[in-house]
Amino acid sequence: MAGQGSSWNSTPLQVLHALLGWIAFASWSISFYPQVILNFRRKSVVGLNFDFVLLNLTKHSSYLIYNASLFFSSAVQRQYHQKFGFDQMIPVAANDVAFSAHAVLLTVFTLFQIAIYERGHQKVSKTATAIVTAAWFAAAVCVFVAVPHKKWLWLVSCFNTVQVVMTVIKYIPQAVMNFKRKSTIGWSIGNILLDLLGGVTNYAQMAVQSIDQKSWVNFYGNIGKTLLSLVSIFFDILFILQHYVLYPSKQKASPPKLDAVSKEPLIESSENAHSGNV
Numbered sequence: 245m246a247g248q249g250s251s252w253n254s255t256p257l258q259v260l261h262a263l264l265g266w267i268a269f270a271s272w273s274i275s276f277y278p279q280v281i282l283n284f285r286r287k288s289v290v291g292l293n294f295d296f297v298l299l300n301l302t303k304h305s306s307y308l309i310y311n312a313s314l315f316f317s318s319a320v321q322r323q324y325h326q327k328f329g330f331d332q333m334i335p336v337a338a339n340d341v342a343f344s345a346h347a348v349l350l351t352v353f354t355l356f357q358i359a360i361y362e363r364g365h366q367k368v369s370k371t372a373t374a375i376v377t378a379a380w381f382a383a384a385v386c387v388f389v390a391v392p393h394k395k396w397l398w399l400v401s402c403f404n405t406v407q408v409v410m411t412v413i414k415y416i417p418q419a420v421m422n423f424k425r426k427s428t429i430g431w432s433i434g435n436i437l438l439d440l441l442g443g444v445t446n447y448a449q450m451a452v453q454s455i456d457q458k459s460w461v462n463f464y465g466n467i468g469k470t471l472l473s474l475v476s477i478f479f480d481i482l483f484i485l486q487h488y489v490l491y492p493s494k495q496k497a498s499p500p501k502l503d504a505v506s507k508e509p510l511i512e513s514s515e516n517a518h519s520g521n522v
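Basically my numbering = 1-based index in the sequence shown + 244.
This is the structure in structure tokens:
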């Protein structure tokens, strides 16, 4: 179990830590379903950007490898304690592993929907393919370097870095598209609000553990999780500002036809792949 090598000093803080963690898990997990349900009802994935799904799969797969390794592997935990102190708790909780596994499954299921439902002329762009290929090639190099020297903590940290980079990349195109269109129509604000709740509670969970342990190693010892929360919160706030403040008049208009939305590219590519609701 996470936390080997240390224990909680306050039972109320321990309970609050667990509660916040599962709120984050529920918020982030539920945010996956609107797109899956929409695809099922329409029997079509036209308007869903395939680049986003592919980047998201890379992000969550990397995050699952990191979380599962640090949570279950005694070798990784030992190296973590050697680096940050044996009195420090492992900064990955059960809800982190559960969320990552659920996210990978839902993203894979979305790819399955892409394979069986109507997708028009949409396809994965060369840009997204190159990014994903580079990410997994970098991970493979890390494995090649780490295995001979048994640098397990460094290796899982490489996967953590990949997921943070993917998180940043996947948000930027949507924010740019909203700016160019001067509208957030076609982008689910409900998904953003759930994502923001997950980010805030995830960050609060880490703070509660740090307060209990009287140490902030929890933050810089798990820099990927810290950056994940900060990046997600930043972009969620940006999307909320775009939706409610910058382009509010656009939200009152009748929703445009799917074709009008799907013509906007989420990631520019030579194929000019269509994008749409995420």
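For each residue, glycine too, the CB sits at the ideal point set by N, CA and C.
Apart from the five residues just before and just after residue i, which ones in its own chain have a Cβ nearer than 6 Å to its Cβ?
| i | result |
| --- | --- |
| residue 410 | 299, 302 and 303 |
| residue 492 | none |
| residue 471 | 408 |
One question on the structure: do residue i and residue j come within less than 9 Å of each other, judged by their Cβ atoms?
| i | j | result |
| --- | --- | --- |
| residue 366 | residue 283 | no |
| residue 339 | residue 262 | yes |
| residue 408 | residue 475 | yes |
| residue 381 | residue 341 | no |
| residue 477 | residue 452 | no |
| residue 369 | residue 294 | yes |
Once the 5 residues before and after residue i are set aside, which same chain residues still bring their CB inside 7 Å of it?
| i | result |
| --- | --- |
| residue 252 | 258 and 456 |
| residue 479 | 415 and 419 |
| residue 350 | 276 and 280 |
From residue i to residue j, what distance separates their C-alpha atoms?
| i | j | result |
| --- | --- | --- |
| residue 314 | residue 442 | 21 Å |
| residue 329 | residue 454 | 14 Å |
| residue 437 | residue 319 | 38 Å |
| residue 274 | residue 395 | 36 Å |
| residue 308 | residue 485 | 31 Å |
| residue 334 | residue 321 | 7 Å |
| residue 447 | residue 376 | 27 Å |
| residue 266 | residue 440 | 14 Å |
| residue 495 | residue 325 | Legend: pLDDT at residue 495 = 48, less than 50; position of this residue unreliable, no value from coordinates given. |
| residue 286 | residue 292 | 12 Å |
| residue 372 | residue 404 | 19 Å |
| residue 387 | residue 487 | 42 Å |
| residue 353 | residue 271 | 19 Å |
| residue 393 | residue 332 | 24 Å |
| residue 256 | residue 346 | 28 Å |
| residue 390 | residue 361 | 41 Å |
| residue 424 | residue 450 | 36 Å |
| residue 481 | residue 378 | 29 Å |
Taking the beta carbon of residue i as the centre, do at least 16 other beta carbons fall within 10 Å, making it buried, or is it exposed?
| i | result |
| --- | --- |
| residue 434 | exposed |
| residue 306 | buried |
| residue 348 | buried |
| residue 489 | exposed |
| residue 483 | buried |
| residue 473 | buried |
| residue 269 | buried |
| residue 385 | exposed |
| residue 374 | exposed |
| residue 498 | Because the pLDDT at residue 498 is just 45, under 50, the model does not fix this residue reliably, and the value given afterwards should be weighed accordingly. By the 10 Å Cβ count, residue 498 comes out exposed. |
| residue 337 | buried |
Quick one: is residue i near chain D, going by C-beta distance under 9 Å?
| i | result |
| --- | --- |
| residue 305 | Absence of chain D from the displayed structure is noted, only one protein chain being present. |
So, at 8 Å on beta carbons, what are the nonlocal neighbours of residue i in its own chain, with the 5 sequence-adjacent residues on each side left out?
| i | result |
| --- | --- |
| residue 254 | 456 |
| residue 383 | 306, 402, 403 and 406 |
At least 3 beta-carbon pairs within less than 8 Å: the segment 390-400 vs the segment 267-285:
no
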